[in-house]
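Visitor:
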Amino acid sequence: MLSLTESGGQPTLDRAATGPAPTGRAVVNARVACEPDALDAAVTEAVAAADGVAGVTSSATTPVSFKPSYPRPVHRLAPAGA
């Protein structure tokens with residue numbers, strides 16, 4: 001299992017494979033400054049490009065990109081010394 005936590009960074013090996021994998025799964029969990037539809041299109045394009053390089057075929061689930069609303073905290077801390 002690999003993780004990538006910054007743009008342009010190197011993947012970190014979280015868990016080594018015990019042998020060749022007949023199947024795989026990729027999960028993209030990212031905060032990005034774009035609209036959900038644009039993110040879905042970019043991920044779909046990147047997967048298609050990776051498939052071409054690796055000589056494999058991917059099947060995708062329905063994208064689940066969303067745009068969260070502005071945070072509205074229930075509790076606020078008083079400034080220090082107030």
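In terms of our numbering, the sequence shown opens at residue 1 and continues consecutively. Where is the CB? At the ideal position from N, CA and C, for every residue including glycine.
1. Does DSSP put LEU39 in a helix, in a strand, or in coil?
2. Our contact map puts VAL47 next to LEU39 with C-beta atoms below 8 angstroms; I'd like the distance itself, whole angstroms only.
3. Considering only the beta carbon of each residue, do ASP51 and SER59 sit closer than 8 angstroms?
4. Can you find the residues in the same chain that come closer than 6 angstroms, C-beta to C-beta, to ARG15, ignoring five residues on each side of it along the sequence?
5. Does DSSP put THR62 in a helix, a strand or coil?
6. Quick one: what's got a C-beta closer than 6 angstroms to PRO63's C-beta in the same chain, skipping five residues either side?
7. Excluding sequence positions up to five away, which residues of its chain have a Cβ less than 6 angstroms from the Cβ of VAL43?
8. Rank GLU35, THR12, PRO11, SER3 by C-alpha distance to the C-alpha of SER69 and give the top, closest one.
9. With a threshold of 6 angstroms on Cβ separation, who are the neighbours of ARG76 within its own chain once the five nearest residues in sequence on each side are excluded?
Guide: Here's the rundown:
1. In this structure, LEU39 counts as helix in the three-state DSSP scheme.
2. At roughly 13 angstroms, the Cβ-Cβ gap does not stay under 8 angstroms, so VAL47 and LEU39 are not in contact.
3. Cβ distance not < 8 angstroms, so ASP51 and SER59 don't count as in contact.
4. These residues qualify, in order along the chain: MET1.
5. Note: THR62 maps to coil in three-state DSSP.
6. For PRO63, where only same-chain residues beyond five positions count, the Cβ hits under 6 angstroms are ASP40.
7. The answer, listed in chain order, is VAL28.
8. Taking only the C-alpha atoms, the option nearest SER69 is GLU35.
9. Within the same chain, ARG76 has no close Cβ partners at all.
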